[in-house]
Every structure is written in structure tokens, then in C-alpha cells.
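Protein chains in written order, with the numbering used here: chain V, 906 to 1125; chain D, 3 to 412. C-beta atoms are modelled at their ideal positions from N, C-alpha and C, and glycine is treated no differently. Remarks on the structure that follows.
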């Protein structure tokens, strides 16, 4: 489903070049739940961003569902992000001026889909995360855990094949973190491929496979 | 998507309040500028009744006070005052000037053309006593030979008016519409509304328009009275053959001096007077345009700064949009569309205020619906264009960021 071959990524700040990823080879199969772990600054979020086509590698090849993405245009990549991937971020990235239902609908705005269908799908996604009663609220009226569940609903509303989660419980207390993890596990059991960056060994144990990154390289 | 953008702009209304207010004030200024320009354009399109090509105006000065009083007394007593050779001065000028080859018509008036002068009086209908403030111009019979002074009813002045019981007058269409709506004004009597004057007038004709200041003069009801041949002439209008150039002025001067060498004459082509008058009347509009341009440039700089800050503050949100499927183009157009929508909110409020002008008619003829629509459309386009130009760079810059850069932007 996802195949990274010899991926490297460098960051340039002033005259300093930092190698964030160095010759990464990784394959994630359909239905897998993979955790990426490693110390801060080791390159795990960079790796997740490259998997999710949020960033381009300096070298190497990415294949998604058997398609090599080397010469994809901005609009083709945007379409893949919209239809193949769902993203969950540590800081939720909800738009505070929009109601919960509007936040969840957001990915569908970039598909040519009628408003009534968008609304129905968003309601269904909120129902799955148990927030139907909160759909007319604004994000700042919700707890952190509820906000992350809204973000999960937004990630799932377009029925993506792959869910990418960057420390989804990093800003939550243990109880709320457990709620979010149970949502992710339920989605994985329903067939969604999940790649999650985490610092938390306990959460990583829920996944099928743990990939460790150190100084931009895979260590196992 | 438009509904989504509307929702975003509406939800952020308190944050955009000052920006909207700035756009509203800028719109009001631009509207005033466009309305004044539009009004000038409307006036320019209207008939003046004046012809300027191959026409010269001669201003006569130097008549002494005693002579003026003698002529006035002669007019009042209806006796004939003649100069040496038993010919009235007016006729002497006629004869001397008609002797110039190419001279088509000589006429006499009492206020200069294409000049800021105007005289007005209040007149009233003899039957209904309805009063009206009118511009007054005194012209000789020959003035009606001007090709642009179109009679729409009746006739101009001629010799049959000599000795008439009532002074013959010609009125313009505006006066006919205001004083005789739905009636034929020809033959109707008017009175000068003055405690010192018992003059009564009879309307013999209606002209399309006569605006002595030219194209940019406001349209007011106008009364044209007949120039008395016993009067001392002060302004002559000479119509010469097509192709006549300014070298004729020397010959005109010689002929004028033959009649009265002790008087001073100023000869000017009407085309030149018209251009000078147009320039003079455009000064307020030019000043307003310069002030508006200065103000709008300030607004544009302010707008650019605010948009730059607003866009920077929203970059993580834009990064999220990129992550969930927006293209760079989607981001670019969203920022521009939001700015235009915000503008339209401000413009809608300004228009709600401004529409009171034509609705209440507080500005009278100065602001009709056509002018309102024209000025509103032009001002809307100008303000939207300024907004668009100011939004282009912040939108472009935001759209160039990769999703990762945007999501982690601080």
C-alpha cells in the first residue's frame, strides 16, 4: 500500500544543513497499524509528512497503491491527500470559528459533492466518534479529548484508506488519550491502515508493528 | 465553497470590523468622486444651446455712466435715442460688422458666454401666480440663428415683436415643464415677481436649452428676454464662415473702432473660451480626484498590511486545508474571495446609507437613480480592484508554502 525507497530529506537553516531522513526504506501493507517511535528530533514526524505527501523528499521514491508519485503535479498530490489519506495532528488543527459539523465537513469541500451529501457524511462521522450532540458547538467549547475525536471524525469523513496520526494523544491526559486510542483501534479493526507517530510505548503496543527512527535512519 | 467562505467571513466579523469600516469609508469617498464625475458627464451630454466653432465674442467696455443712464431713460420712456447720423449704436455695429467678408450673423447679449456669470430672477405665472426662480438672459433677434439653439415650439424674436403689449420671451424646456406641465406654454403670460417691476411677459417660443456657462453648467429653468435695440451693447456674438481663423480679429477690431473708437474691445474665439471654462469647472473634480487618490493609496497600504497580518495568522489553518486536499490554487483564490466578500459586506452597508439620497430626493436633480447606479457600480469596481491588488501578494505567498511549512508556521 505504501512503499518508501531510499528516502532522504535535508533541512537548510542559514548555512547549516541537517539531514532529517537518511536512506529510509519502509513498506506499510493494507490494514496494518504501524507505530513510528524515536526520540524528539529524530525525524519521525518528517517521515510521517513524507508518507502523507505533506512534504517532498530530497531523494528517493514513494509508491502509493502501486503508483510511483515522482512527477505528480500539485493538484494530483492534493487529490491523493484528500481521497487516500486522513490526518490527525497532535494540536488538533480545528478551525475555531467553524462549528464542529463544519470542521468535519472540511475535506469534502475539496470534492465536488453536494452540500446535503457532505452534511450527511459529516453527521455519520460524528456519530461514529460519539459527538452527535456536540455538532453545533464550536471547538473551543469542547474538551481536548472531544476536540481530538472531532479531528478523527474529520480525518475519517472522506473514508480514506490510510490514516496518519502525529502524536494524537500528545496533548491529552491519560483518560482522554485512552479514548482516542480506542477510536483508532476501532478504525483499524474496520480495515483502515494506520501509521502513528508516538512517544508512548503503551500506545505503540496496540499497533501491529513498531518502527524506530534514530538520527534519521530506521533502526529496526 | 462560497457558502463556506461566507460562513468564515461572518464568524470573523468582529476581527474584521475595523477593516470593514475602512473599506466602507473608502467606498463613500470613491462614491462621491464617481457621482461628481458622473454628474459632470451627464451635464456634458446635455444640450447647451450654444455654438462655439467659428464664433467670436466681443466684450465692450468703457461706456461712461452718463451715456448708460441716457439709454436706460430712453428705453423706459419708449423714445428713440439715436447717435450721430440718426442711427442707434446697435445698428451701427450691425452694419460695420456685416461688412466683413464671411460674417454670417451679429447678435447682442447681456451676459458673456462660457463664463461664470449668471443672472437670475423670480418669475410667476400671471394666471396661477405660481413662482419659479429662473436664469435670465437678454438676447437680440439674431441670437436665434445659432445652429445649436433649437426651438422646440413657437418662434424666436423678430420685428413683429416691436411695440407688443407684453415683452416677448422665450423659455427653455425645463421652465416649460416646471411651470406649464402638460400645457402648451406658447402665448401664456408671465410676470416678474418684483415689488419694483410691473413687467409682464408673453411666451413666444420654447428652446431645448440655453446654458450660458457651457457644458458643465447645472440645468436650471431659463427665461430669454429680447434685447432692446436702444440699449448700449456690452457683448456681441459674431458667427463667421467655416474656416475663418484668428487673423479676422484685426479686421473685426478695425470695424468696431469705426463705430466707437473711445470704447475698449476684447475679442475672443468662443472655442477658446469654452476650453478655458471647461478647465475652470473641472478644478473641483480634479482636486477631489487628487485627494481621493491620496486617501485610497493610504487605504491600500493599510489594507495590504492588515491582510498580510491576517494571512500570516491563518497560515496553520491554510496548512490544514492543504493537508486535507486543497491545492495551492484553492488557497490563493480562497484568500482573494474572502477579501472580496468582506468588501461586499462593507459596500452593502454603505449602499444602504447612500440609497437614501435618490430615495428621499434630498439632492434634487443632482442625484437621480441613473447616476446613483452608475456611481455605485464604478465605486464598487474600484474598491474591489484595490482589494484584489492588495490581496494578491499575501494570497500568493500563503499558497506557495508546503503543507508542512504551513502547519508548523509560527
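| Which stretch, first to last residue, makes up the alpha helix (DSSP H) that contains residue 951/V? | Run containing residue 951/V: 949-956, per the alpha helix (DSSP H) assignment.
| query | CA-CA distance, residue 86/D and residue 261/D? | reply | Below a pLDDT of 50, predicted positions are generally treated as unreliable, and residue 86/D, at 49, falls in that range; the measurement from the model is reported next regardless. Cα-Cα distance, rounded: 10 Å.
| Quick one: is residue 986/V near chain D, going by C-beta distance under 8 Å? | A Cβ of chain D is located within less than 8 Å of the beta carbon of residue 986/V.
| task | Using a Cβ-Cβ cut-off of less than 7 Å, list which residues of the region 937-969 of chain V approach chain D; keep chain order. | result | Of all residues in the region 937-969 of chain V, 954, 959, 960 have a Cβ within less than 7 Å of some Cβ in chain D.
| message | Please identify the residue among 243/D, 277/D, 101/D, 182/D whose C-alpha is closest to the C-alpha of residue 457/D. | response | In the structure as shown, chain D starts at 3 and stops at 412, and residue 457/D therefore has no counterpart that could be examined.
| field | Residues that residue 969/V bridges to, as DSSP identifies them | value | BP columns for residue 969/V point to 907/V, 972/V.
| request: Determine, using beta carbons only, whether residue 1102/V and residue 1050/V come nearer to each other than 8 Å. | output: Contact: no.
| Are the beta-carbon atoms belonging to residue 189/D and residue 205/D less than 8 Å from one another? | Yes, the Cβ-Cβ distance between residue 189/D and residue 205/D is below 8 Å.
| request: Output yes or no for whether 8 Å exceeds the beta carbon distance between residue 911/V and residue 978/V. | output: Cβ distance not < 8 Å, so residue 911/V and residue 978/V don't count as in contact.
| Under 7 Å by beta carbon: chain D residues contacting residue 1007/V | When 7 Å is used as the limit between beta carbons, residue 1007/V is near these residues of chain D: 9, in chain order.
| request: Would you kindly work out how many angstroms separate the C-alpha atoms of residue 302/D and residue 295/D, rounded to a whole number? | output: Their backbone Cα atoms lie some 10 Å apart in a straight line.
| Distance, Cα to Cα, residue 112/D vs residue 185/D? | Cα-Cα distance, rounded: 30 Å.
| field | beta strand (DSSP E) runs contained entirely in the region 242-314 of chain D, provided each spans 3 or more residues | value | Fully enclosed beta strand (DSSP E) runs of no fewer than 3 residues occupy 266-271 of the region 242-314 of chain D, in order along the chain.
| Under 8 Å, do residue 39/D and residue 373/D count as touching if we go by C-beta distance? | Cβ distance not < 8 Å, so residue 39/D and residue 373/D don't count as in contact.
| said: Going by DSSP in three states, residue 182/D sits in which element: helix, strand or coil? | reply: Residue 182/D: coil per DSSP, three-state reduction.
| request: Mind listing the chain V neighbours of residue 3/D? Cutoff is C-beta to C-beta under 7 Å, in chain order. | output: In chain order: 1014.
| task | Verify the CB distance criterion: does residue 319/D have a CB-CB separation below 8 Å to chain V? | result | The beta carbon of residue 319/D sits closer than 8 Å to some beta carbon of chain V.
| said: For residue 309/D and residue 392/D, which I take to be in contact (beta-carbon distance under 8 Å), what is that distance rounded to the nearest angstrom? | reply: About 6 Å; that satisfies the 8 Å criterion.
| request: Please state if the CB of residue 150/D and the CB of residue 53/D are separated by a distance shorter than 8 Å. | output: A contact, by the Cβ cut-off of 8 Å.
| Opening and closing residue of the alpha helix (DSSP H) in which residue 1108/V lies | 1106-1109 is the span of the alpha helix (DSSP H), which, as asked, contains residue 1108/V.
| query | Whose CA, out of 275/D, 382/D, 319/D, lies closest to the CA of residue 216/D? | reply | The shortest CA-to-CA distance from residue 216/D to any of 275/D, 382/D, 319/D is the one to 275/D.
| task | Tell me, to the nearest whole angstrom, how far the beta carbon of residue 1030/V is from that of residue 1058/V; I am working on the premise that it is less than 8 Å. | result | With 8 Å as the limit, residue 1030/V and residue 1058/V qualify as a contact, their Cβ atoms being about 4 Å apart.
| Chain-order list of residues whose beta-carbon lies under 8 Å from that of residue 1053/V (same chain, five-residue window excluded) | Short of 8 Å from the beta carbon of residue 1053/V, and not among the five residues preceding or following it, lie these beta carbons of its own chain, in chain order: 993, 997, 1073, 1074, 1076, 1077, 1081, 1085.
| field | Beta-carbon proximity of residue 123/D to residue 141/D, cut-off 8 Å | value | Here residue 123/D is not near residue 141/D, since their CB atoms are 8 Å or more apart.
| What whole-angstrom Cβ distance do residue 1009/V and residue 1025/V have, given they're in contact under 8 Å? | No, residue 1009/V and residue 1025/V are not in contact; Cβ-Cβ is about 11 Å, not under 8 Å.
| field | Partner residues on chain A for residue 176/D, Cβ-Cβ distance less than 7 Å | value | Of the protein chains in the structure, V and D, none is chain A.
| Strand pairing of residue 964/V, partner residues [DSSP] | Residue 964/V is bridged to 913/V.
| Alpha-carbon spacing of residue 207/D relative to residue 226/D, whole angstroms | The alpha-carbon atoms of residue 207/D and residue 226/D are separated by roughly 10 Å.
| Taking the alpha-carbon positions, what's the residue 349/D to residue 396/D distance? | Roughly 22 Å separates the two Cα atoms.
| message | Tell me the rounded alpha-carbon separation between residue 1014/V and residue 1043/V. | response | Computed Cα separation, rounded: 19 Å.
| For residue 983/V, three-class secondary structure by DSSP | Helix at residue 983/V.
| query | Who are the Cβ neighbours of residue 55/D in its own chain at under 7 Å, not counting the five residues just before and after it? | reply | Counting only Cβ-Cβ distances below 7 Å, and skipping sequence neighbours, we find 273.
| query | Mind checking if residue 406/D is an interface residue toward chain V, Cβ cutoff 8 Å exclusive? | reply | Interface residue, yes.
| query | Among 194/D, 100/D, 22/D, which has the Cα closest to the Cα of residue 250/D? | reply | Selection 194/D, 100/D, 22/D evaluated against residue 250/D yields 100/D as nearest (Cα-Cα).
| task | Go ahead and pull the three-state DSSP assignment for residue 367/D. | result | Under the three-state reduction of DSSP output, residue 367/D falls in the helix class.
| task | Could you tell me which chain V residues have their CB closer than 7 Å to the CB of residue 14/D, listed as they occur along the chain? | result | Residues of chain V passing the Cβ test: 1002.
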